[in-house]
Amino acid sequence: MLATLRNLSAPVRQYLLITGNYWAFTLTDGALRMLVVLYFHQLGYSPLSIAMLFLFYEVFGVVTNLVGGWLGARIGLNRTMNMGLGLQIIALSMLLVPAELLTVIWVMIAQALSGIAKDLNKMSAKSAIKTLIPADAQGQLYRWVAILTGSKNALKGIGFFLGALLLSLIGFKGAILLMALALLAVWLFSLWRLAADLGKAKFKPRFREILSKSLAINVLSAARLFLFAARDIWFVVALPVYLSTQLNWDHWRIGGFMALWVIGYGAVQSVAPRFTRTHNAFGWGLALVVTPLLIISGLYWQLPSATVLVVGLLVFGFVFAINSALHSYLIVSYARGDGVSLDVGFYYMANAGGRLLGTILSGWVYQAYGLTACLAISALFILIAALLALALPRGTDGNYA
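According to my numbering, the sequence shown is numbered sequentially starting from 185.
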């Protein structure tokens with residue numbers, strides 16, 4: 185095995201190491217989310233209190249992506265990736281205190297560190313690929329980005345199962361300790377083997393340069409914000425609450441279904457290049473607009489709600505995964521070669537902003553107007569994202585990038 189790895193080219197070895205880091209982090213991230221939800225539910229925390237535990241996780245994602253891109257360009261992506269791994273170990277360790285010290289504020293701080301860690305790790309992984317692929321190898325770049333992005337989402341779904349399993353087998357503290365030790369081993373190996381100064385810009389970008397000056401990056405970032413707000417406005421709060429209150433699904437059935445959805449969504453992302461001969465973000469965006477409208481129609485005509493939602497969610501997940509994979513490829517393609525993390529960080533700041541906006545709207549719109557209203561706004565946001573894609577620059581073949 186080691187001999188085979190040594191025979192690989194240096195860029196491929198670095199890609200495998202970056203991907204392995206990302207996989208290990210993602211598993212702990214998904215497992216931690218499930219552990220916190222289930223364990224604090226057992227402790228008697230209200231649903232609102234549990235939701236508040238993740239507020240800083242999302243808020244700090246916006247800030248981290250913006251500042252992290254600038255930091256990666258100045259000190260190197262190897263350092264920002266390792267910083268992310270280290271912060272996740274600290275966040276996990278904070279949850280090993282006695283149960284009586286696990287207050288809402290303490291866990292929110294731990295989740296804030298975890299959110300910072302996650303976005304440092306993701307930004308570093310996505311940016312690093314740009315430095316490993318020749319500028320004229322766009323097909324290879326698309327495949328590598330799709331594999332990294334898709335595998336991350338599939339593993340996050342597996343992490344949901346892992347968290348529930350570890351909680352059942354060895355308890356909350358045992359699960360946290362096991363994940364912290366495993367991640368510590370990954371972190372030490374990464375410090376040893378990840379290339380120094382990976383993605384470090386030849387120039388020293390000033391802090392004010394964190395805002396992109398590129399029209400393509402700005403337009404794509406705006407499209408990304410609306411795309412992810414469109415997903416989360418009905419997926420994060422509205423859908424699980426509807427499944428529980430209207431269809432009487434128990435928590436394990438809801439969690440299992442949503443975990444399987446995330447795994448399937450990630451699997452589609454990994455093979456997205458097979459479905460997209462062209463990089464037509466506008467066309468795939470229009471295809472996605474149709475899916476929430478069809479779900480609304482099915483509910484309006486009083487077709488079986490469970491069938492409409494399950495089938496609709498599967499179709500939505502497939503088409504959304506293609507759109508997400510296209511966006512992930514386009515940002516890496518459009519990003520400048522020197523200081524790539526500045527552009528990627530700015531873009532994922534918009535991604536985090538979309539998740540935050542969608543999460544807030546999901547609770548408010550569902551409570552005030554119901555699931556149909558969430559789906560209608562989702563369709564509107566997707567349409568805006570698709571129309572924004574028309575402003576993206578096109579290559580000589582007429583395709584984006």
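Yeah, the Cβ is synthetic: ideal placement off N, Cα and C, and Gly gets one too.
{"Query": "Minimum C-alpha distance to Gly476 - residue among Gly467, Asn464, Thr460 and Val494", "Result": "Here residue 476 turns out to be Pro, not Gly, going by the sequence shown. Checked all of Gly467, Asn464, Thr460 and Val494; the closest Cα to Pro476 is Val494."}
{"Query": "Unbroken stretches of the alpha helix (DSSP H), 4 residues or longer, contained in the stretch 272 to 353", "Result": "288 to 316"}
{"Query": "Pro577 - DSSP class collapsed to helix/strand/coil", "Result": "coil"}
{"Query": "Ordered list of alpha helix (DSSP H) runs contained in the stretch 488 to 517, each at least 4 residues", "Result": "none"}
{"Query": "With 16 other Cβ atoms within 10 Å as the buried cut-off, status of Trp371", "Result": "buried"}
{"Query": "Rounded C-alpha distance that separates Phe271 from Ile293", "Result": "Contrary to the premise, residue 271 reads as Leu rather than Phe in this sequence. One C-alpha to the other measures close to 12 Å."}
{"Query": "Backbone secondary structure at Leu227 - three-state DSSP", "Result": "coil"}
{"Query": "Option nearest Phe441 by Cα separation, candidates Leu227, Thr212 and Gly341", "Result": "Gly341"}
{"Query": "Whole-Å CB distance - Leu279 paired with Ile360, under 8 Å assumed", "Result": "5 Å"}
{"Query": "Asp527, buried or exposed, once every other Cβ within 10 Å from all chains shown has been counted against 16", "Result": "buried"}
{"Query": "Straight-line Cα distance separating Phe209 from Tyr223", "Result": "21 Å"}
{"Query": "Reduced DSSP category for Trp433 - H, G, I as helix; E, B as strand; rest coil", "Result": "coil"}
{"Query": "Meets three-Cβ-pair contact criterion under 8 Å: the stretch 489 to 504 and the stretch 538 to 554", "Result": "no"}
{"Query": "Proximity below 8 Å, CB of Ser335 to CB of Met265", "Result": "no"}
{"Query": "Cut-off 7 Å between Cβ atoms - residues of its own chain near Arg415, not counting five sequence neighbours on either side", "Result": "Phe504 and Gly542"}
{"Query": "Inter-residue spacing [alpha-carbon to alpha-carbon] between Ala585 and Ile568", "Result": "Any reading at Ala585 needs caution, since the residue's pLDDT is 47, under 50, leaving its predicted position unreliable; the model's value is listed next. If you take the alpha carbons of Ala585 and Ile568, they lie about 20 Å apart."}
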